[in-house]
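Those letters in the sequence shown? Residues 30 to 291, per our numbering, in order. For every residue, glycine included, the Cβ atom is placed at its ideal position computed from N, Cα and C. Down below is the structure, laid out as structure tokens.
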Amino acid sequence: MLRVRERKPIESWLTDMDGVLVHEGEPVPGAPEFVNRLRSSGKPFLILTNNSIYTARDLQARLRRIGFDVPESAIWTSALATAQFLDTQRPGGTAYVIGEAGLTTAMHEVGYILTDTEPDYVVLGETRTYSFEAITTAIRLINDGARFICTNPDATGPSNEGALPACGAVAALISKATGIEPYFIGKPNPMMMRSALNSIDAHSETTAMIGDRMDTDVLCGLEAGLETILVLSGISSASDVERYPYRPSRIIPSVAHLIDEV
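In structure tokens form, the structure reads like this:
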């Protein structure tokens, strides 16, 4: 007889940002109160995002404007996870970077030199202004032996005008031209979760991941061994869950339903 082990009480929390705490630029009802409860509880927590455009300080300011009081250290981006990963792989290395300040700042902070001359890596991040010239340079550098890293696999990103091509779509273009697939750092790679856990000294057995997407947040949390909580305030609906071969630990309407658990 198979015995299912009960999970330990939650001591640490990881939560996605868009669709969980923020929806279309506004706070999800109850989300600021949830974050305030996390802060007052003293339990370790991190707000995660696959978006590599902004620095943690930028995101802290954006969240503050809509009612969230969080320290910069409580925000973990795919750019930070990418820089940390490269620092463990080739400390003090070189990279040709396509991306915004969130990524370039993170790379500089771990001591990487950004160059288009025989770099160790080509690192592709998010930007609103993908340049054909920069993409061409990336293709040529990869063909010459640079290793290909991508901050996240998201194919599209949101804008007020509709979907925009994002990291995953541009990575596919570069892969088609070079025959080389990138190593993706962000969700659903559990690398993103493990780096987040390490940064707050948390353990997977006592950590929950809150997300609004089955294909990234829930999958990533599941593969990292976390309790997974799907909220219905973002992308995935309750009916979507049945399409996947895995399930979250729990499904709830929003993070407002977790306030009393913290």
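Proximity of residue i and residue j at Cβ, strictly below 8 Å
i, j, result
"R119", "E101", "no"
"G263", "G48", "yes"
"T111", "I178", "yes"
"L153", "A195", "no"
"T257", "S224", "no"
"T158", "D145", "no"
"P219", "G197", "no"
Straight-line Cα distance separating residue j from residue i
i, j, result
"L115", "G122", "8 Å"
"Y125", "I203", "14 Å"
"R66", "D173", "51 Å"
"M243", "I171", "32 Å"
"V33", "T44", "Because the pLDDT at V33 is just 49, under 50, the model does not fix this residue reliably, and the value given afterwards should be weighed accordingly. Near 25 Å, if we compare the C-alpha coordinates of T44 and V33."
"E289", "V64", "The sequence given here has Asp at residue 289, not Glu. When rounded, the distance between both Cα atoms is 12 Å."
"L31", "V270", "Confidence at L31 is low in this model, with a pLDDT of 45, below 50, so its placement is unreliable and the value that follows should be read with caution. In a straight line, the C-alpha of L31 is about 24 Å away from that of V270."
"E228", "L77", "Strictly speaking, residue 228 in this sequence is Ser, with Glu absent from that position. Near 12 Å, if we compare the C-alpha coordinates of L77 and S228."
"A267", "L261", "7 Å"
Endpoints, the alpha helix (DSSP H) within which residue i is located
i, result
"R91", "A85 to R94"
"I171", "F161 to N172"
"V15", "No answer is possible for residue 15: the residues shown for the chain start at 30 and end at 291."
"S69", "A60 to S70"
"V199", "C196 to T207"
Rounded distance between the beta-carbons of residue j and residue i, thought under 8 Å
i, j, result
"N80", "T106", "7 Å"
"V51", "I82", "Not a contact, Cβ separation roughly 15 Å."
"R169", "Y150", "14 Å between Cβ atoms; not a contact."
"S292", "P56", "Absent from the structure is residue 292, since the part of the chain shown begins at 30 and ends at 291."
"L259", "I280", "5 Å"
Where the beta strand (DSSP E) through residue i begins and ends
i, result
"L109", "Segment S107 to Q118 is the alpha helix (DSSP H) holding L109; no beta strand (DSSP E) there."
"I178", "R176 to C179"
"I127", "T123 to I127"
"F74", "F74 to T78"
"T44", "S41 to D45"
Item to complete: Scan the segment 212-279 and note each continuous beta strand (DSSP E) run of 3 residues or more that stays entirely inside, going in chain order.
Response: 236-240 and 256-260
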